[in-house]
Structures are given as structure tokens and as C-alpha cells.
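**Q**
Residue numbers (this note's numbering): 263 to 393.
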């Protein structure tokens, strides 16, 4: 029974609906998948002239699904990509944050983060939704 519940939970976790959110007061209303890829792969840090701060989730299942579906990279490819950026001195590696820290960071305007859609709060707005 425990195995069944664990399997059921794993399947449910992998099917989370990924959304990218920001503070409701942000000037950013919508962004494309391509722009999200550019931001989370450190190719740009601005959207229409607005500097953004991308946040990473410490939730392993959510992070892996985000990498696979939005960034179109496996976890291994994503980690290898960032290892090259860090090794060459181009970018420091981003720290993954716990849920409470994510909630606090989203109080800042123009911070963006990927979450499960079921966790959306009134003070945030969805700027990208993976279909």
C-alpha cells in the first residue's frame, strides 16, 4: 500500500501545472517561453527594459519538470550548462529556495519564479503558463 501511495504521489507531482509568476505590481504582464529560457539560462536579465530576478525552487520534482518542459533540458543538461557558466566566471550559480523564502522574495517587484499553479496567491500574477 505504501508503494502504491508513493507511486501515486510521484505521478501526481510530475504532472504539476507549471506557471511562472511575479508580484502583482510588476510591469511585466506576459512573457514567452523563449524569454523564460533566456532568463533562466542567464542569457539576459531584462524583459522589455525591466531588470528581473529569477528564483529557483528547492522542490526537486518541480525543478526537474520546469527544466524538462520549459527549458527543454534534462536536469543533467541544465546542471552541465550552469557548471560551464560558473567555471568560466560568467555567472554565479543561483541558489534554490524553500517555499517560505520564495514567498518572501515575491514581495519584491520583478522577481519571477516557477511554481505549481495550485499554489498561486492573490498577490501574484501569472506571466507564463505551460500548456
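Note that CB positions come from ideal geometry on N, CA and C, so glycine has one too.
My output table needs one value for residue 306: the three-state DSSP class, helix, strand or coil.
**A** Locating residue 306 in the chain shown gives position 44, counting from the first residue. Coil, per DSSP.
**Q** Is it the case that the Cβ atoms of residue 376 and residue 294 are separated by a distance below 9 Å?
**A** The residue labelled residue 376 in the question sits at position 114 within the chain shown. The residue labelled residue 294 in the question sits at position 32 within the chain shown. Taking 9 Å as the Cβ cut-off, residue 376 and residue 294 do not qualify as a contacting pair.
**Q** What's the gap between the Cα of residue 355 and the Cα of residue 314?
**A** As a working note, residue 355 is residue 93 in the chain shown. As a working note, residue 314 is residue 52 in the chain shown. Whole-angstrom Cα-Cα distance: 16 Å.
**Q** To the nearest angstrom, report how far apart residue 386 and residue 363 are at their CA atoms.
**A** Taking the chain shown and counting its residues from 1, one reaches residue 386 at position 124. Taking the chain shown and counting its residues from 1, one reaches residue 363 at position 101. The straight-line gap from Cα to Cα measures roughly 15 Å.
**Q** Determine the direct distance from the alpha carbon of residue 389 to that of residue 321, and round the result to whole angstroms.
**A** Reading the chain shown from its first residue, position 59 is the one you call residue 321. Reading the chain shown from its first residue, position 127 is the one you call residue 389. Roughly 20 Å separates the two Cα atoms.
**Q** How would you write the range of the beta strand (DSSP E) that residue 336 sits in, first residue to last?
**A** The sequence position of residue 336 within the chain shown is 74, counting from 1. No beta strand (DSSP E) contains residue 336, which DSSP labels as neither H nor E.
**Q** Excluding the 5 residues flanking residue 358 on each side, which residues of the same chain have their C-beta closer than 6 Å to its C-beta?
**A** If you number the chain shown from 1, residue 358 lands on position 96. Same-chain partners within the cutoff: 318, 320.
**Q** Please go through the same chain and pick out, in chain order, the residues whose beta-carbon is closer than 8 Å to the beta-carbon of residue 324, but skip the five residues on each side of it.
**A** The sequence position of residue 324 within the chain shown is 62, counting from 1. Excluding positions up to five away in sequence, the list reads 275, 278, 280, 376, 377, 378.
**Q** If you draw a straight line from the C-alpha of residue 343 to the C-alpha of residue 333, how long is it?
**A** In the chain shown, residue 343 corresponds to position 81, counting from 1. In the chain shown, residue 333 corresponds to position 71, counting from 1. Straight-line Cα distance between these residues: approximately 12 Å.
**Q** Helix, strand or coil, according to DSSP, for residue 362 in the structure here?
**A** Translated into positions along the chain shown, residue 362 becomes position 100. It is helical.
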